[in-house]
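Step one of this worksheet: look at the structure below.
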Ligand SMILES: [Zn+2]
Ligand SMILES: [Zn+2]
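Residue numbers (full-length UniProt numbering): 1 to 226.
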């Protein structure tokens, strides 16, 4: 009996089992429904042997411990493999970077503002110093302003009379057109006149305000920018 059990235990992890051996040993096999999922999935199988019937061939404590150790060993090996793969990848990437940088480990950059070659403290550092960064930003702002201004010497202004945007041709220019300048002049004169007469509010009807016209400013430009 003891001999039989040890023989059966060997068959729990069979490497090879012949049909005749199987037929000789086994009377019937009862397979139960599987329980759980993944690693926790179990399925009960009862094996009825010839001559001895059903024999309890559950794993012994030692066998269970051995299986557990085996599984842990496999996991350790798997982790070790993965670590090696990751290390190899990192080294490959580093080697690539070094060759890209002409064989130098520390990558140097050229400051786009002053042209100085420097060693950045991080990959994101672009300029050699904060000063260069500030100056470059200032220049960028000025360039943007320049682009907005185009060929005009002075920046765009808004006419106080008609509300139209216009490009002044001299620093003292306050209105978009001669017409707006005249209207403003008349208004001022009228206000002065009313003040003198003691009338606190001038008649708004007396000063016609023209609606903003697209060609107002353009006319003016054509006159002053031949
Ligand atoms: Zn610089
Ligand atoms: Zn105007």
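Glycine included, every Cβ here is placed at the ideal spot set by N, Cα and C. Predicted model only: the values in this text are computed from it and were never measured.
In this structure the segment 144-159 does not touch the segment 114-134; the number of beta carbon pairs closer than 8 Å is below three.
At least one heavy atom of ligand 1 falls within 8 Å of the beta-carbon of residue 129.
Close CB contacts of residue 118 within its chain, under the 7 Å cut and outside five residues either way in sequence, are with 108, 109, 111 and 128 (chain order).
The closest heavy atom of ligand 1 lies less than 8 Å from the beta carbon of residue 113. DSSP places residue 28 in no alpha helix (DSSP H) but in the uninterrupted beta strand (DSSP E) bounded by 26-31. Restricting attention to 49, 114 and 75, the CA atom closest to the CA of residue 22 is found in 49. Judged by DSSP in its simplified three-state form, residue 20 adopts helix. Checking the 8 Å criterion, the Cβ of residue 159 is within range of a heavy atom belonging to ligand 2. Of the residues 46, 191 and 172, the one whose Cα lies closest to the Cα of residue 33 is 46. Residue pairing by DSSP places residue 157 opposite 166 in a beta bridge. Proximity of the beta carbon of residue 132 to ligand 2 is not indicated: no heavy atom of the ligand is located closer than 8 Å. Cβ-Cβ separation between residue 176 and residue 185: approximately 14 Å, too far for a contact (criterion under 8 Å). Placement of the Cβ of residue 192 at a distance of 8 Å or more from every heavy atom of ligand 1 is found. Looking only at 144, 97, 132 and 145, the smallest Cα-Cα distance to residue 123 is reached by 97.
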